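See below for the structure under consideration.
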Ligand code: NAD
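Numbering (the working numbering), first residue to last: 46 to 290.
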């Protein structure tokens with residue numbers, strides 16, 4: 046309780062609050078995380094999301110990618126953790142969310158200032174003509190899914206293993222991390238590089254680091270000033286209540 050109160054006090058007086066989110070914030074919306082019990086890597090081989098494998102074996106990768114992401118994310122709705130962050134942005138408390146997630150749930154909850162560090166599942170990009178096609182306009186029953194413009198291979202517009210981070214997202218995320226005076230890390234292991242380095246930049250620049258996770262992460266004993274152990278929705282609802290009262 047003391048840590049919750051301390052965290053609420055820091056968040057309440059923040060001048061530049063940034064949230065850095067990972068798969069854990071969407072777990073309560075029914076989207077499995079990569080790691081941990083029941084995680085995606087318990088069921089699927091990570092090679093499916095390797096760019097070279099995808100280019101060579103798109104017919105094998107696409108059905109699994111649809112199972113892993115599209116059939117799940119399409120039905121998922123924001124949970125209370127997403128909604129608290131949307132409320133904080135609307136009330137002027139939260140500047141930006143940097144998310145590693147590709148599920149669109151922050152935007153569905155109402156956040157406007159969202160940097161998608163790893164891209165998203167909304168769009169598909171052609172590996173031949175490089176045009177982008179929204180999923181809603183693609184024939185997702187095809188295998189592999191092909192470009193309506195040139196017939197080339199379509200790839201989900203999120204970052205695969207072996208691909209670079211989109212430059213604009215990287216630059217904006219770095220700037221927000223350096224500008225933050227309070228940095229909220231929610232539901233991420235801190236393993237995936239280079240995203241995982243952003244909180245260290247914030248900490249080096251003097252931000253207070255508050256972390257929410259059901260289990261300790263790479264950040265917990267290294268840079269977290271306050272570690273709030275629990276589900277993202279429970280902790281964020283409690284923080285919201287303390288900030289309002
Ligand atoms: P991860 O799967 O490696 O780890 C999930 C983290 O969330 C763990 O630290 C776990 O303890 C924590 N967690 C689980 N349930 C939680 C809850 N209810 N509340 C708070 N914390 C909880 O995820 P990561 O570190 O974010 O890995 C990043 C990669 O996973 C990204 O590249 C991202 O694109 C991808 N990913 C995204 C989604 C999504 O968009 N929803 C889903 C799976 C994976």
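Glycine is no exception: its CB is placed at the ideal position from the N, C-alpha and C atoms.
Remember, it's a predicted structure, so these values are computed and weren't measured experimentally.
Item                                                                                                                                                              : Value
Pick out whichever of 277, 249, 229 has its Cα sitting closest to the Cα of residue 52.                                                                           : 229
Please confirm if the segment 204 to 216 is in contact with the segment 91 to 98, defined as three or more CB-CB distances below 8 Å between the two stretches.   : yes
If we ignore side chains and look at the alpha-carbon of each, how far apart do residue 162 and residue 232 end up?                                               : 15 Å
Over the uninterrupted alpha helix (DSSP H) stretch that includes residue 55, give me the two end residues.                                                       : 47 to 57
Let me check one thing: in DSSP terms, what residues is residue 64 bridge-paired to?                                                                              : 142, 229
Considering only the beta carbon of each residue, do residue 111 and residue 185 sit closer than 9 Å?                                                             : yes
Measuring straight from C-alpha to C-alpha, what distance separates residue 191 and residue 171?                                                                  : 8 Å
Would the beta-carbon of residue 268 fall within 9 Å of that of residue 145?                                                                                      : no
Take the Cβ of residue 261 as the centre, count every other Cβ of all protein chains shown within 10 Å, and call the residue buried at 16 or more, exposed below. : exposed
Are the C-beta atoms of residue 227 and some chain C residue less than 9 Å apart?                                                                                 : Chain labels in this structure do not include chain C; a single protein chain is all it has.
Identify which residue in 103, 258, 169, 155 has its Cα closest to the Cα of residue 182.                                                                         : 169
Do residue 218 and residue 143 have their C-beta atoms closer together than 9 Å?                                                                                  : yes
Check the DSSP bridge columns for residue 149 and list the partner residues they point to.                                                                        : Paired residues: none, contrary to the question.
DSSP has residue 258 in a bridge; who is on the other side?                                                                                                       : 274
State the DSSP-derived secondary structure class of residue 206, mapped to helix, strand or coil.                                                                 : strand
Within 8 Å: the Cβ of residue 159 and any heavy atom of the ligand NAD?                                                                                           : no
Pairing CB atoms from the segment 111 to 127 with CB atoms from the segment 71 to 86, are three or more of them under 8 Å?                                        : yes
Assuming residue 130 is part of the alpha helix (DSSP H), what are its boundary residues?                                                                         : 125 to 135
What's the call for residue 86, buried or exposed, on a 16-neighbour Cβ count within 10 Å?                                                                        : exposed
Would you call residue 242 buried or exposed, if buried means 16 or more other Cβ atoms sit within 10 Å of its Cβ?                                                : exposed
Could you check the C-alpha separation between residue 101 and residue 107 for me, to the nearest Å?                                                              : 12 Å
Using CA atoms only, rank isn't needed, just tell me which of 48, 240, 201 is closest to residue 115.                                                             : 201
Residues in its own chain within less than 6 Å of residue 67 by CB, not counting five upstream and five downstream?                                               : 145, 232, 233
Only counting the same chain, and skipping five residues up and downstream in sequence, which positions put a Cβ closer than 7 Å to that of residue 265?          : 256, 272
Quick check: is any heavy atom of the ligand NAD less than 8 Å from the C-beta of residue 69?                                                                     : yes
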